[in-house]
Ligand SMILES: [Zn+2]
């Protein structure tokens, strides 16, 4: 089997405390591998355990991203840095984190010094790590410093909303994404402030038009109604491709990238109608 050139792996898909406290869904965050880089977004409780379980060597991490200071998104940061750098013996790696997280005191002085670099993430700020450009995205959440991330990798563009409310002004920043990962907390006909419901997700997809939307970070109510059912209904109402993530699920992002689609179309347009 030819190994994937790039990979997105969900080490957890749990959202609210009712789900993560029982680990009804894991909360290890998201791994993105592209070229020689390995990124870890929002390592919540169990990130290190889930990484080992799914064959991810955290020693190979290039960067860790923390979107905000809620535990479900940052709990394992110190443990991860210790593992990644062998307690600082192999000092390396970048931490890109919201200001709320960096000011919270959660990251110890010791682990701070194990890293090569710490970059505060503010909306619209752009940074580069190896060949990937990263833009921090604005969000509207109970932690007011919450950011999402947009990764412009050499092979695909991925946006991650993190925890946020739906706001018209926020949707533009997700446009021109091959893959859009949305933190989906509530099903249809339920709503809690500062999070995304199924209705909100429909509005975002209709405007941002990603090639693929992946839903994750499910709350308790959503797990009870079934994320797959919600994703199917959202797909039906938008006509777009929508997947509900599962713990340990892997996606090949290159098959959704605009460049690759173009190449595939050229190759197969005569054979295939759809
Ligand atoms: Zn949160």
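Numbering (my numbering), first residue to last: 73 to 346. Where is the CB? At the ideal position from N, CA and C, for every residue including glycine.
| Check | Outcome |
| --- | --- |
| Does DSSP classify residue 265 as helix, strand or coil? | coil |
| What would DSSP say about residue 125, mapped onto helix, strand or coil? | helix |
| Run through DSSP, which three-state label would residue 297 get? | helix |
| Which residues end up in the neighbourhood of ligand 1 when you take C-beta atoms closer than 7 Å to any of its heavy atoms? | 140, 142, 144, 145, 213, 214, 215, 218, 235 |
| Give every residue of the same chain whose Cβ lies closer than 7 Å to the Cβ of residue 101, excluding the five residues on either side of it in the sequence, and list them in chain order. | 83, 84, 112, 113, 114, 115, 116, 119 |
| What residues in its chain sit with their C-beta under 6 Å from that of residue 108, if we drop five residues either side in the sequence? | none |
| Return the Cβ separation of residue 143 and residue 167 in integer angstroms, given the expectation that the two are a contact with Cβ distance under 8 Å. | With a Cβ gap of about 17 Å, residue 143 and residue 167 do not count as contacting. |
| Using the three-state DSSP reduction, which class does residue 90 fall into: helix, strand or coil? | helix |
| Using only CA atoms, which one of 110, 253, 297, 106 lies nearest to residue 262? | 297 |
| Between 241, 228, 222, which has its C-alpha nearest residue 250's C-alpha? | 228 |
| Around the C-beta of residue 162, are 16 or more other C-beta atoms found within 10 angstroms, so that it is buried, or is it exposed? | exposed |
| Between the C-alpha atoms of residue 282 and residue 137, what's the straight-line distance to the nearest angstrom? | 22 Å |
| When burial is assigned at 16 or more other CB atoms within 10 Å of the CB, is residue 77 buried or exposed? | exposed |
| For residue 86, which of 287, 311, 193, 301 has the nearest alpha-carbon? | 287 |
| Taking one C-beta from the region 221-238 and one from the region 200-211 each time, how about it: are there three or more such pairs within less than 8 Å? | yes |
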